[in-house]
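Asker:
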Amino acid sequence: MSVQKHIRNFSIIAHVDHGKSTLADRLLEKTNTVSPREMKEQFLDKMDLERERGITIKAQTVRMAYRARDGQEYLFHLIDTPGHVDFSYEVSRSLAACEGAVLVVDAAQGVEAQTLANVYTAVDQGLEIIPVINKIDLPSADPEKVKQEIYEIIGLDPSDALLISAKTGTGVESVLEAIVTKIPPPSGDPTHPLKALIFDSWYDSYQGVVVLVRIFDGRVYKGMNIRFMSTGKTYEVTSVGTFAPHQVFLDALGPGEVGFLTASIKEISHSKIGDTITSVKNPADNPLPGFKEAKPMVFSGLYPVDAGKYDDLKDALEKLQLNDASFRFEPETSLALGFGFRCGFLGMLHMEIVQERLEREFELELITTAPTVRYEVIKTDGEKVVVENPIQLPSPQKIQAILEPVMLGTIHIPSDYVGTVLKLCEERRGVQKEIKFFSSNRVVVTYELPLNEIVIDFYDRLKSSTRGYASFDYEFLAFKPANLVRLDVLINGEVVDALSLIVHRDKAYAKGRDLIKRIKQFIPRQLFEVAIQAAIGSKVIARETIKPLRKNVTAKCYGGDITRKRKLLEKQKEGKKRMKRVGRVDIPQDAFLAILSVEG
Amino acid sequence: MRRFSSVTCPCNDSMPRPTESKRDQTALALYVHIPFCVKKCAYCDFTSYAGKESEIPDYITHVLDEWAAIRRELLKNQASISTLYLGGGTPSLLTENQMTRLVRGLFPEGIDPSMEATVEANPESLTPSKLACYQELGINRVSVGIQSFSDAHLRLLGRLHSARRARECLDMIRRAGWRNFSMDLMYGLPGQSHEDFLRDLDEALGFEPPHLSTYCLTLSGGVPLGQAAARGAIHLPPEAEILKMMASLDKTMASHGYEHYEVSNFARPGHACRHNLAYWTLSPYIGLGAGAVSFFIEEVAPWGSHWENPGSLSGYAKRARNHSWAFHERSPLSHREALIEALLTGLRLKRGLSIRALAERFGEEAIGPVLQKAALLAAEGWCEMDGGSLRITPGGSCLLDTLVLELIPES
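Right, dumping it as structure tokens:
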């Protein structure tokens, strides 16, 4: 067992593309943890999807042995963190497993908002931060400016900042040395009752759930009976070990150590991120602080394009959930879309990732309804109901108040774009909290923003109106009352449940008009007239009409034309089969996405 | 032999059934494609080449070789030909010698007078001596590409003839004593009004053609006129105006004693084009020449198979030089594909499809969903099912493609 004072637990904090994975790769190489032969670029990003998007979804951890200049060997645990705002809670738990963090900032791009959120979390948790300025080999690198930003924006002493190029390897040694000298060794007592922090877990079909833990007190070993403190579930440990980076089995894990344990756990929901594992025989009095249930914030309906694929979709969702405790789903029926599932996600990126995985890994074609948020509705009889699907909203006369989730959004922009960004936030019912100007031409704008206003296209609009310079981060603030109504879309008099939206009353007219105009573009002319209406309750607020088709006949159809025409008809029939039918109207799936492009 | 019992109305029961596909029973429609033109029209996306007249002699040789191979290997020298159609391109571009060599080569014993033998001709290249040659060869029907009697529209379409030449040509055909001839007329032309078209139609009817084909201009993106329309240089008439033209066309033709027997075709009694009817009744046909398509039923492909010749002159020549029909790649139809083809062609005809023949050929089970859908559409007046046939009503005829899409069964 390793000597506690030679352990260093740390994370790397960086904005997307600032070089976190490249630096991690260099550390693995320099410590001979991974042989050059094994070295795939960005070793830690396992899934294809992550590799493509350049982001890390699941936290990974790796143990490295480093012989420092003082001649002693140190045991490093690099705890990788997910890199997106949707996963901020997971980030906070990963950081809680560390004593220090390496902050990587791109020498050309400077400090970005997403980085800030994580750095602040690390600072709040008392972690030692090692600032590293990466990509100094770039012609556009401006390390002095970045140093100034590190000082002004984060408040760190920039004189210690290390200048490196993870790509070429320049300065990587100095990072390893700084980890040894600046990050304190973990504290903890092996004789105390076991306290192990869960900072990630995943399902493995051979081992059951693999739980990543950081031991704070006590020891965990094979055969030990453990208890998950939030759920009270008990298990017998079947194996413990670490990743270096391949799975290595050990006899036990002691204070300060980071590793995995398995205990024939079948359900990932039994091992919640942030929960504390203790011993059944000699339990700890209190769990480690900071446990929060990861709650989905964004909801949408997922329906198979081909109704016959319902069971396939269900299987796929179950498989995804094995590895993603924050993802939730339950069966749902839509009059327009048939049988599908209401799914809950941590945020928009999480939603996109799940959809992409379903389509790519499971080869499912899906119709996704507009994302919505969770509302709290106080009924006139005082009952409080939670609404995750607009169609569940009680009738207006039964509603006393609707509360919506409001987020605290932090936007980081060059000062040129302040006006644009303030305008966008105001349009989205934002309440300004703070504007901070920094001498480096950067501005941090803080707004209270209803989540409802940012789930659809806020980030895209923000990016496009600032030529990509803005970065955005948000965290949940509170549920607040708002004047909200349900906007329904009727096609030939029938409400299309999948197109209903909950919107602010002041925006209902404009949104309704815009929405049905967009839907109209997607619905082909039919043999009869089609009326598309937007309504609030029984009041129609806008209408569009699709005139009936009057002429569609091929003029010439002789020998050579027949096969061509037949193939065209077959293709059209196939397309029709994929459409959804409301009353007698065939609606292409694109129409259901029209909602995503409605002007805020 | 199952022959069309009447010229206007071959019985629907003549739809060949898989079990009856014995070769000696096959009455074949024979199409020969002549892919040569002096100039390509601005709307044309057919297989045709301008300025390659020098290749005509070799091309005729290839067509005759192809025919010999098909007769020998596919038909075992046993088929009887019910119709011949020389289409193009511009068949009238062939000199009398070339035409003689082609037709004599195809029919060494001459064309049987009971056959319908059509040649397509364009006003600018048709001459009295060519007409005489056609008659001499046993060709008994000529179809002339008039398209319009407006010089402005003819120019826009890229046609080589004038309105005057069109009139002279029609007079010439009538003077030569052709009892069976047809003309093509187009409508829905850029800038054409309803009145413009009625004038064209009126003038056409003045020549008393026994048969008239009227085509609504359809532009694909790849042709010059289609590109001009896409960039807004020309404007096709609005849909309402075209629908008005279609309605007037129906009314006028009926009052002149023509039957609107197919979407774009009108005939005086006894003058429906027997050759084209083969396409719309799933009867077998052989297409010779570049880009030509054939349809044939054999034991190995009971629902029939299509094959298409290479469209380029060199590609076609290469294949024909193989002197073997086996070189043709066939795509056999599935049951469903054949049913779709039966619906999309049969419903083009005014008389529609015989429900009994459909059921016998494709099975009651397969026809059930089609008839169910048809009943729904019939309730709305788009089609009708009486007298044992399924047909599109006059009100539904402008929406034929949409209705067929509704009717075809799901995969």
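Chains D and A, in that order, give the protein sequences. Mapping to our numbering: the first sequence position 102 is 102, numbers consecutive. Throughout, our numbering is defined as the position within the second sequence, counted from one, plus 600. For each residue, glycine too, the CB sits at the ideal point set by N, CA and C.
In three-state DSSP terms, what is residue 305 (chain D)?
Answerer: coil
Asker: Would you check if there are 3 or more beta carbon pairs closer than 8 Å linking the region 554-562 of chain D to the region 488-500 of chain D?
Answerer: no
Asker: In angstroms, rounded to a whole number, what distance separates the CA positions of residue 294 (chain D) and residue 326 (chain D)?
Answerer: 6 Å
Asker: Mapping the DSSP letters down to three states, classify residue 9 (chain D) as helix, strand or coil.
Answerer: strand
Asker: Apart from the five residues just before and just after residue 998 (chain A), which ones in its own chain have a Cβ nearer than 8 Å to its Cβ?
Answerer: 843 and 846
Asker: Could you tell me which whole alpha helix (DSSP H) segments of length 4 or greater appear in the region 718-780 of chain A?
Answerer: As far as the region 718-780 of chain A is concerned, its whole alpha helix (DSSP H) runs of at least 4 residues are 728-737, 751-757 and 763-775.
Asker: Under the assumption that residue 268 (chain D) contacts residue 209 (chain D) (Cβ atoms under 8 Å), give the Cβ distance between them as a whole number of angstroms.
Answerer: Sure, about 5 Å apart at Cβ, within 8 Å.
Asker: Would the beta-carbon of residue 231 (chain D) be found less than 8 Å away from any heavy atom of the ligand PLP?
Answerer: With respect to the ligand PLP, the structure offers nothing, as it holds no ligand at all.
Asker: Kindly identify the DSSP beta-bridge partner or partners of residue 580 (chain D).
Answerer: D:587
Asker: Taking the alpha carbon of residue 316 (chain D) as the reference point, which residue from D:284, D:288, D:364 and D:194 has its own alpha carbon closest?
Answerer: D:364
Asker: If we ignore side chains and look at the alpha-carbon of each, how far apart do residue 81 (chain D) and residue 273 (chain D) end up?
Answerer: Whole-angstrom Cα-Cα distance: 13 Å.
Asker: Using a Cβ-Cβ cut-off of less than 7 Å, list which residues of the region 837-870 of chain A approach chain D; keep chain order.
Answerer: 839, 842, 843, 863 and 864
Asker: Where does residue 614 (chain D) sit, in a helix, a strand or coil, going by DSSP?
Answerer: For chain D, the structure presents residues 1 to 600; residue 614 (chain D) sits outside this window and is missing.
Asker: So what does DSSP say about residue 610 (chain A), is it helix, strand or coil?
Answerer: Unreliable positioning characterises residue 610 (chain A) in this predicted model, as indicated by a pLDDT of 36, which lies under 50. The coordinate reading is nonetheless provided below. Note: residue 610 (chain A) maps to coil in three-state DSSP.
Asker: Could you pull the DSSP bridge partners for residue 786 (chain A) from this structure?
Answerer: A:815
Asker: What is the residue span of the beta strand (DSSP E) that residue 279 (chain D) lies within?
Answerer: 276-279
Asker: Rounded to whole angstroms, what's the CA-CA distance from residue 605 (chain A) to residue 682 (chain A)? Just pull it up for me.
Answerer: Here residue 605 (chain A) scores only 33 on pLDDT, less than 50, and its place in the model should not be relied on; the value that follows carries that caveat. Cα to Cα, the separation comes out at about 12 Å.
Asker: With distance defined between alpha-carbon atoms, name the residue in D:109, D:592 and D:331 nearest to residue 342 (chain D).
Answerer: D:331
Asker: Mind checking residue 246 (chain D): buried by the 16 CB within 10 Å criterion, or exposed?
Answerer: That one is exposed.
Asker: Going by C-alpha distance, which of D:505, D:195, D:528 and D:543 is nearest residue 516 (chain D)?
Answerer: D:543
Asker: So, using beta-carbon positions, are residue 103 (chain D) and residue 154 (chain D) closer together than 9 Å?
Answerer: yes
Asker: Near residue 432 (chain D), what residues of its chain come up, given a Cβ to Cβ distance below 6 Å and the 5 sequence neighbours on each side ignored?
Answerer: 447
Asker: Determine the contact status of residue 262 (chain D) and residue 237 (chain D), defining contact as a CB-CB distance below 9 Å.
Answerer: yes
Asker: Would you mind telling me which residues of chain A sit closer than 8 Å to residue 492 (chain D), beta carbon to beta carbon, in chain order?
Answerer: Neighbours of residue 492 (chain D) on chain A: none; closest Cβ ~15 Å, over 8 Å.
Asker: Report yes or no: do three or more beta-carbon pairs, one from the region 488-497 of chain D and one from the region 530-544 of chain D, lie closer than 8 Å?
Answerer: yes
Asker: Starting from the N-terminal side, write out each stretch of the beta strand (DSSP E) that is 3 residues or longer and does not extend beyond the region 287-353 of chain D.
Answerer: 298-304, 328-334 and 338-345
Asker: Can you list the alpha helix (DSSP H) stretches of 4 or more residues lying completely in the region 853-886 of chain A, in chain order?
Answerer: 874-880
Asker: Does residue 592 (chain D) get closer than 9 Å to chain A when you measure Cβ to Cβ?
Answerer: no
Asker: Whole angstroms is fine: what's the gap from residue 275 (chain D)'s alpha carbon to residue 229 (chain D)'s?
Answerer: 7 Å
Asker: With 8 Å as the limit, tell me which residues of the region 885-912 of chain A have their beta carbon closer than that to any beta carbon of chain D; keep them in chain order.
Answerer: Residues 885, 887, 891, 892, 893, 894, 895, 906 and 908.
Asker: I need the straight-line Cα distance from residue 468 (chain D) to residue 981 (chain A), nearest angstrom please.
Answerer: 57 Å
Asker: For residue 32 (chain D), which of helix, strand or coil comes out of DSSP?
Answerer: Residue state, collapsed to three classes: coil.
Asker: Is DSSP giving residue 985 (chain A) helix, strand or coil here?
Answerer: strand
Asker: Hey, how far is the Cα of residue 971 (chain A) from the Cα of residue 396 (chain D)?
Answerer: 47 Å
Asker: If you run the structure through DSSP and keep just helix, strand and coil, what is residue 637 (chain A)?
Answerer: strand
Asker: By DSSP's criteria, residue 1004 (chain A) is part of a beta bridge. Which residues make up the other side?
Answerer: Residue 1004 (chain A) is not bridged to any residue.
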